[in-house]
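Visitor:
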Amino acid sequence: MASLPVSALTDLHTLRTVLPVTEALGPAALSYLNAEDFRPHPAQDTVEMLRPSAQDLRALLASVSAEDADECGLDEITSPASVVRDGPRLVAAAGFCEWPGAVAHLGVLTATDARGRGLARQVASAAVARALDDGLLPQWRARPMPSRELARTLGFRELGAQLSIRVLDSAPS
């Protein structure tokens, strides 16, 4: 691996040629935001706050594909969730998990049938504002282009990439 260029370290195809990769997540862009670059989006809908263990959040996660649920990271948040409802139903949520180094790792999800209405921007903006108010560095990890574009809209800058892999355990048993 030492002979690989840095750009190849997030190329799954290349890594599979030198490592026995059994599982992979990514690659994904890593974006960060400082307070001066934040472009908040005013809420057009009522944004409520929910505790991260709320049943409504679990219902929202269960309503989307497994891929979307895994990608969003909403099941890992420790902050209160910023949410928007359509009637009694929760249709968008965002929050963050505080990581070492005062990093706020964001999670954002919109119900599949409620996408394209700007709801993710509203809840993400509220979650980012809370993270900044708490003195944290907001981090956005995303693979899907719409998620990456939303991060840029809020002022995030892509500064890196991440690929998580699991390799075949070759230790003697």
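Number 93 in the UniProt record's numbering belongs to position 93 of the sequence shown; there are no gaps in the numbering.
Ideal placement from N, C-alpha and C gives every residue a C-beta, glycine not left out.
Exposed or buried, what is GLY95 when buried is set at 16 or more other beta-carbons lying within 10 Å of its beta-carbon?
Guide: Buried.
Visitor: Could you have a look at THR46 and say whether DSSP puts it in helix, strand or coil?
Guide: The answer is coil: DSSP assigns THR46 none of H, G, I, E or B.
Visitor: Tell me whether the stretch 20-33 and the stretch 141-155 touch, counting them as touching only if at least three CB pairs, one residue from each stretch, are closer than 8 Å.
Guide: Contact holds: three or more Cβ-Cβ distances are below 8 Å.
Visitor: With respect to the alpha helix (DSSP H) encompassing ASP133, which residues constitute its N-terminal and C-terminal limits?
Guide: Segment 119-133, the alpha helix (DSSP H) holding ASP133.
Visitor: Out of ASP75, ARG115, PRO80, which one is the CA nearest neighbour of VAL91?
Guide: Ranking ASP75, ARG115, PRO80 by Cα distance to VAL91 puts ARG115 first.
Visitor: Pick out the complete beta strand (DSSP E) segments inside the stretch 7-32, 3 residues or longer, and give them in chain order.
Guide: Counting only runs of 3 or more, we get 21-32.
Visitor: Specify the secondary structure class of SER164 as computed by DSSP and reduced to three states.
Guide: Correct three-state label for SER164: strand.
Visitor: Under 8 Å by Cβ, that's how I've got PRO52 and THR78 pegged, so tell me the actual separation to the nearest angstrom.
Guide: Confirmed, about 6 Å.
Visitor: Which same chain residues end up closer than 6 Å to THR110 when comparing Cβ atoms and leaving out the 5 residues on each side of it in sequence?
Guide: ALA92, LEU119, ALA120.
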